[in-house]
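These notes concern the structure reproduced below.
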Amino acid sequence: MPRLITTFVSLIISIVFSVFQLVNGQFFEREYQRVVVNGVCGGVDVIDSYPSLRLELQFGMIGMAFVGMLLSGVCVRFLFPVFGAEMRAKLEGLPALNRPYRLMIALKVLFELLSFIIPATAALWLDAVFSSLAASFSDSNELHEAVLSCFAG
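Start counting the sequence shown at 175; every next residue gets the next number (the numbering used here).
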């Protein structure tokens, strides 16, 4: 049961992040049109519809995450009473274990979410560090390859 709740919460987080990326992408497209196409390049689109293609793909990702969230929500909705009744029957005679059990479940959900969020954040941070302007001037990229190979497996 905690895995279903974790999946549901992580899909909600994914949708929120995708919507943030969508808004950020729309801002980027407006700025790109204003500064690059209409400004520097005099009306010539240099990267030919990249921002709009990116936004289209973003809509698909949001749709897939939303469908996954709905499916996991249905699973949680129908399985929660079954597992809840089973656990209530086990804990009914032991009221002293009710609060620690709920705390354990909450910590398990938190741990599963953090076991995804922390490595993903570290990978995004390392990618930003090694793909920055300063990294383009470095002579050797052995450290970059070594770190990324750790995440790639």
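For every residue, glycine included, the Cβ atom is placed at its ideal position computed from N, Cα and C. The structure presented is a predicted model; accordingly, all values stated were derived computationally and were not measured.
For F233, the CB contacts under 8 Å within the same chain, skipping 5 residues up- and downstream, are L196 in chain order. Judged by their CB atoms, S226 and T181 are not nearer to each other than the 7 Å cut-off. Within the region 222-294, complete alpha helix (DSSP H) segments of at least 4 residues are found at 224-265, given in chain order. Judged by their CB atoms, L185 and A239 are nearer to each other than the 7 Å cut-off. Take the alpha-carbon of R273 and the one of I236: they are about 37 Å apart. In the displayed model, G199 falls within a helix according to three-state DSSP. Each residue's CA atom was taken as its position, placing R228 and G199 some 8 Å apart. A residue is called buried once 16 or more other Cβ atoms fall within 10 Å of its Cβ, and V303, having fewer, is exposed. Note on geometry: alpha-carbon atoms of P269 and S192 lie some 42 Å from one another.
Distance from L287 to V183 at the Cβ level is roughly 6 Å; contact confirmed, criterion being Cβ atoms closer than 8 Å.
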